[in-house]
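Enquirer: Protein chains in written order, with our numbering: chain D, 1 to 367; chain E, 1001 to 1314. Beta carbons are placed, not taken as given, at the ideal position from N, Cα and C, and that holds for glycine. Every value quoted in this text rests on a predicted model; they were computed, and no experiment measured them.
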Amino acid sequence: MKIVLQNLTKIFPSRNKKSHEEVVAVNNFNFEIPDGKLIGLLGPSGCGKSTTLYMISGLQKPSSGKIFFGDDDVTELSTENRGIGLVFQNYALYPHLTVKQNILFPLQNLKGKDKLDKDTMLNRAYEAAKLVQIEQLLDRKPSELSGGQQQRVAIARALVKMPRVLLLDEPLSNLDARLRLQTREEIRRIQKETGITTVFVTHDQEEAMSISDMIVVMKTGIVQQIGKPQDVYDDPANLFVAKFLGTPPINVFSGRVKGGTLYIGGDAVMDIQTVADQEVTVGIRPEGFVLDDNGPLKCKPTNVEVMGRDVSIVSTHDASLNPLVRSIVNADSKIDIGSEYVRYAVKPHKIFIFSKETEERIYFEVK
Amino acid sequence: MVESKQQWKAWLYLAPAIVLLLIFTVWPIINTVAMAFMEDYSGLAKIGGDASFHFGFGNFVKVAQNAEFKQALTNTIFLCLITVPVSTVLALLIAVALHAIKPLQKALQTIFFLPYVTNSIAIGMVFAAMFNVIGSVGTRRPLISSYGIVNDIIRFFGGNWVNWINSGSDYWANMFVLIVYIVWNALPFKILILLGGLTSINKQYYEAAKVDSTPRWRVLTRITVPLLSPMLAYVVITGFIAGFKEYTSIVGIFGESMGPVHEAHRLNTMVGLIYDSLASNNQGRASAAALILFGIILVVTLINLWVSKKRVHY
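Structure representation (structure tokens):
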């Protein structure tokens, strides 16, 4: 089931009656979510990602715009009739019911021609439990489960009624780091097995990048960029997206273009003929640095962190907008921390320049 | 653990409460138990110098043999069994409704809470006025000047007027008035407790139920009631305890005669029996009746706790 969001906007009225200040949580969101894909809504807190999810679920009504499931306009349809599965951030498992009763609950609500007999319901519940691998926990109460197990029960409860769309609100935020890695793979597997169009919300870019077919990066209610995770990472539309994606984060410098050459501080980093002279912000991915004794970019090294396969060199540069410049280079490279400068060449496809005023990407061609 | 040197301070701070409790709670309890077993004991006679009494179960036997005892016990149990479930279910429905509405919520809350802060004798008198038929009721050709508001309403809708509480009235008519009064009087406390419980239920359970297309009635019975069960258990247990102590409502409506004029004492309750014994200067019998009442309340509460162990989800 594809989901179409058309000019979707949500405005919250001001809490303070005097100021009449409205909060635009989601601003003119347009997106067609392809059928059977896993989509990550990504952004810092307050960016409108959860609001978008809740509008798709119907728990919140959009101020304007439309939502389609397939060709059906569901904008005015109440949550009950949308046929969605929703996994809440805190799972919202009914504490007084056992795992089995929790999973059966949505099935017992079915009426009319959808009504199921007892055996079918039990079979469906058992299948859902098997899918998330909790079939041995069916008689426990939620309070007797670990966070990861509760999460699986919540997914099973959402899946058991075979929803048209599965929505997950920060599904991994309550899990510890190890379980998080494991569970996100599980979510990916379950989504692949069921083929249900799935939208999930997260503030963790690594999480979104690792399992999504497509990510939507949002900021203050406005969609910044939509695309495949790798494409968005390799080709960010603006400074915000470039900064938001990637660990360690991108290095940002203030620079300028003059006479077809890009300068960072006094260092002439690269020839870019196609860009007019202007002040710019330069972003370089940590893996974009290449150690080169004749390299144009000169940084003062402060520290070397060995991370096994790779080595991270921490240094400073006068033009850097971050306190530190961090590069990741091959562990075989020899680094002399005592020397005054570490010199880098920069891989052209790992360097992005942005307008200083609008922070929009300025595209260039390397000569 | 507090150092033993400091312990006298703790006792000092506790002293005011402990002294008052000892004088006005603990000693009377001990005294009541003792007096219940003292036959032919009279506080008044003791002051007069006659302190003759002997120990035995005679007081209990006399209470049980009292012609009114069976009636009082039946009345008490009957009122409990009707009013506690009715008021609890009504309070639950009102609390859920109050919780669901936004406009006027505070105002309605206040209105529903008003009976709690109003004197129950005063409420009883108002109820009496509402059900009172003024005139020569019970005579062959009654002359009636006012039927009371309730009968006026019944007559407005074409019904026949009922002799609710006056001379010649039916036992069940009396009971009906009492039940209405007691239920109404018991509602505010229960609504308050249940409303408090409702606000503490995580809203996400309701959103989850909505996502799962749960019908309203099922949300109430399968989600709200179980999640509210600790409060419901509390309300039912305290409701039964209050119900077994029922007395003021009857005095409020029927006066100290505890019944309509032609059948005084017909509506007596266990607590009424205790007061009657005291009024006839028979502390021993009053104490015995109090202990019997205590025993009944204890058993009922234990049953309540036993049931709630299975039904309540903490």
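Check distances from the C-beta atoms of the region 53-78 of chain D to those of chain E and list, in chain order, the residues that come in under 7 Å.
Expert: Result list: Ser-57, Leu-59.
Enquirer: Work out the CA separation of D/Val-201 and E/Gln-1323 for me, nearest whole Å.
Expert: In the structure as shown, chain E starts at 1001 and stops at 1314, and residue 1323 of chain E therefore has no counterpart that could be examined.
Enquirer: What's the C-alpha gap between D/Ile-3 and D/Asp-35?
Expert: If you take the alpha carbons of D/Ile-3 and D/Asp-35, they lie about 7 Å apart.
Enquirer: Is the shortest distance between the beta-carbon of D/Leu-86 and the beta-carbons of chain E less than 8 Å?
Expert: Yes, D/Leu-86 lies at the interface with chain E (some Cβ there is under 8 Å from its Cβ).
Enquirer: What in chain E is Cβ-close to D/Phe-105, meaning under 7 Å?
Expert: Those within 7 Å of D/Phe-105 in chain E are Asp-1212.
Enquirer: Residues in the region 1224-1249 of chain E with C-beta within 7 Å of chain D's C-beta atoms, listed in sequence order?
Expert: The residues in question are Pro-1226, Leu-1227.
Enquirer: Three or more beta-carbon pairs under 8 Å between the region 255-269 of chain D and the region 230-244 of chain D, yes or no?
Expert: Because the criterion of three Cβ pairs below 8 Å is not met, the region 255-269 of chain D and the region 230-244 of chain D do not touch.
Enquirer: Quick one: what does DSSP say D/Tyr-344 is sitting in, helix, strand or coil?
Expert: D/Tyr-344 falls in the strand class under three-state DSSP.
Enquirer: Helix, strand or coil for E/Tyr-1041, going by three-state DSSP, please let me know.
Expert: E/Tyr-1041 falls in the coil class under three-state DSSP.
Enquirer: Step through the CB atoms of chain B and report whether any lies within less than 8 Å of the CB of E/Ala-1208.
Expert: Checking the listed chains, one finds no chain B in this structure; the protein chains it contains are D and E.
Enquirer: Please classify E/Trp-1172 as buried or exposed, where buried requires at least 16 other C-beta atoms within 10 Å of its C-beta.
Expert: Exposed is the call here.
Enquirer: Within 8 Å of any Cβ in chain E, is that where the Cβ of D/Glu-80 sits?
Expert: Closer than 8 Å to some Cβ of chain E, the Cβ of D/Glu-80 qualifies, so yes.
Enquirer: How many Å lie between D/Asn-294 and D/Val-342 at the Cα?
Expert: Distance between the alpha carbons of D/Asn-294 and D/Val-342 is about 10 Å.
Enquirer: According to DSSP, is E/Tyr-1234 part of a helix, a strand, or is it coil?
Expert: Helix.
Enquirer: At what residues does the alpha helix (DSSP H) containing E/Gly-1284 begin and finish?
Expert: Taken as a continuous stretch (DSSP letters only), the alpha helix (DSSP H) holding E/Gly-1284 covers 1283-1311.
Enquirer: Name, please, each residue of chain E whose Cβ falls closer than 7 Å to the Cβ of D/Asn-90.
Expert: Here the neighbours are Gln-1204.
Enquirer: Quick check: the region 23-39 of chain D against the region 215-229 of chain D, are at least 3 beta-carbon pairs closer than 8 Å?
Expert: They touch, by the three-pair rule.
Enquirer: Could you confirm whether any beta carbon from chain D is found closer than 8 Å to the beta carbon of E/Pro-1215?
Expert: Chain D, which has a Cβ nearer than 8 Å to the Cβ of E/Pro-1215, makes this yes.
Enquirer: Short check: CB of D/Arg-164 to CB of D/Met-1, under 8 Å?
Expert: Contact: yes.
Enquirer: Which same chain residues, not among the five before or five after E/Ile-1134, have their C-beta less than 6 Å away from its C-beta?
Expert: Only Ser-1145, Ser-1146 meet the Cβ criterion.
Enquirer: Short check: CB of D/Gly-85 to CB of D/Leu-166, under 8 Å?
Expert: Cβ atoms of D/Gly-85 and D/Leu-166: closer than 8 Å.
Enquirer: Assign D/Tyr-120 to buried or exposed, taking buried as 16 or more other Cβ atoms, counted over all protein chains shown, within 10 Å of its Cβ.
Expert: Checking the sequence shown, residue 120 of chain D turns out to be Thr, not Tyr. Looking at its Cβ environment, which holds fewer than 16 other Cβ atoms inside 10 Å, D/Thr-120 is exposed.
Enquirer: Could you tell me which uninterrupted beta strand (DSSP E) segments, each at least 3 residues in length, are contained entirely in the region 1118-1154 of chain E, listed from first to last along the chain?
Expert: The region 1118-1154 of chain E contains these whole beta strand (DSSP E) runs: 1144-1146.
Enquirer: With three or more C-beta pairs closer than 8 Å as the rule, is the region 1219-1234 of chain E touching the region 1257-1275 of chain E?
Expert: As far as the Cβ criterion goes, the region 1257-1275 of chain E does not touch the region 1219-1234 of chain E, which means the pair count is below three.
Enquirer: Which runs of the beta strand (DSSP E), 3 residues or longer, sit entirely within the region 61-137 of chain D?
Expert: You should have 64-69, 84-87.
Enquirer: D/Pro-95 versus chain E: which residues are under 8 Å apart at the beta carbon?
Expert: The contacting residues are Leu-1227, His-1313.
Enquirer: How about the region 176-196 of chain D and the region 140-159 of chain D: do they share at least three Cβ pairs that are nearer than 8 Å?
Expert: The region 176-196 of chain D vs the region 140-159 of chain D: in contact.
Enquirer: Over the uninterrupted alpha helix (DSSP H) stretch that includes E/Ile-1030, give me the two end residues.
Expert: 1027-1036 is the extent of the alpha helix (DSSP H) around E/Ile-1030.
Enquirer: Just to confirm my understanding: we take E/Pro-1188, look at its own chain, exclude 5 residues before and 5 after, and list those with CB closer than 8 Å. What are they?
Expert: Phe-1112, Phe-1113, Leu-1114, Pro-1115, Tyr-1116.
Enquirer: What is the rounded straight-line gap between the Cα of E/Thr-1088 and the Cα of E/Trp-1184?
Expert: Those two C-alpha atoms are separated by around 11 Å.
Enquirer: Using the three-state DSSP reduction, which class does D/Ser-45 fall into: helix, strand or coil?
Expert: D/Ser-45 falls in the coil class under three-state DSSP.
Enquirer: Excluding the five sequence neighbours on either side, which residues of its own chain have a C-beta within less than 6 Å of the C-beta of D/Ala-156, listed in chain order?
Expert: Ile-103, Ala-128, Ala-129, Val-132, listed in sequence order.
Enquirer: Using DSSP with H/G/I as helix, E/B as strand and the rest coil, what is E/Thr-1248?
Expert: DSSP places E/Thr-1248 in helix when its eight states are reduced to three.
Enquirer: Kindly provide the ranges of any alpha helix (DSSP H) runs that are 4 or more residues long and lie completely inside the region 1249-1283 of chain E, ordered along the chain.
Expert: Runs found: 1270-1279.
Enquirer: Where in the region 215-285 of chain D do unbroken runs of the alpha helix (DSSP H), each at least 4 residues long, occur, reported from the N-terminal end onward?
Expert: The qualifying runs are 229-234, 239-244.
Enquirer: Since I believe D/Val-311 is in contact with D/Ile-335 (beta carbons under 8 Å), could you give me their beta-carbon distance rounded to a whole number of angstroms?
Expert: Right, the Cβ-Cβ distance comes to about 7 Å (below 8 Å), so this counts as a contact.
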